[in-house]
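Okay, structure first, notes after.
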């Protein structure tokens, strides 16, 4: 709920946040409705079908992860269930993390330097 207008401008900030959320919801509603008209009500990953009240569990995923890229033919969209959509975004975040190279390296390497079996050979020699 927005705060009252205060001398510090906090009321304006709350109004801007509410307006931004409203604009986002309207934009999402527009491309979601178009995507549901274009594509069948089936998750593109797991193949589950959705209808009735469960249709709200089907989300629009932007293939290029750019929510501003909404072509009228839906070529940047796919319908995914909530679970597959979350999985897709977590895979994208993981992929970005692993693609970052370590400072001074020409390619990405594991970040760990611990070698649990480094002294195993010496221990085995002592027993013989």
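Residue numbers (the numbering used here): 1324 to 1451. Glycine included, every Cβ here is placed at the ideal spot set by N, Cα and C. Being a predicted model, the structure only gives us computed values, none of them experimental.
Quick check: residue i and residue j, are their CB atoms within less than 9 Å of each other?
i            : j            : result
residue 1402 : residue 1359 : yes
residue 1387 : residue 1361 : no
residue 1354 : residue 1389 : no
residue 1381 : residue 1364 : yes
Among the candidates the options, whose CA atom is the shortest distance from the CA of residue i?
i            : options                : result
residue 1409 : 1363, 1383, 1449, 1394 : 1383
residue 1346 : 1395, 1446, 1391, 1404 : 1391
residue 1412 : 1385, 1438, 1437, 1436 : 1385
residue 1369 : 1407, 1414, 1445       : 1407
residue 1356 : 1379, 1440, 1342, 1414 : 1379
Taking all protein chains shown into account, do 16 or more other C-beta atoms lie within 10 angstroms of the C-beta of residue i, making it buried, or fewer, making it exposed?
i            : result
residue 1399 : buried
residue 1405 : exposed
residue 1446 : exposed
residue 1444 : exposed
Which of the three DSSP states, helix, strand or coil, is assigned to residue i?
i            : result
residue 1366 : coil
residue 1372 : strand
residue 1390 : coil
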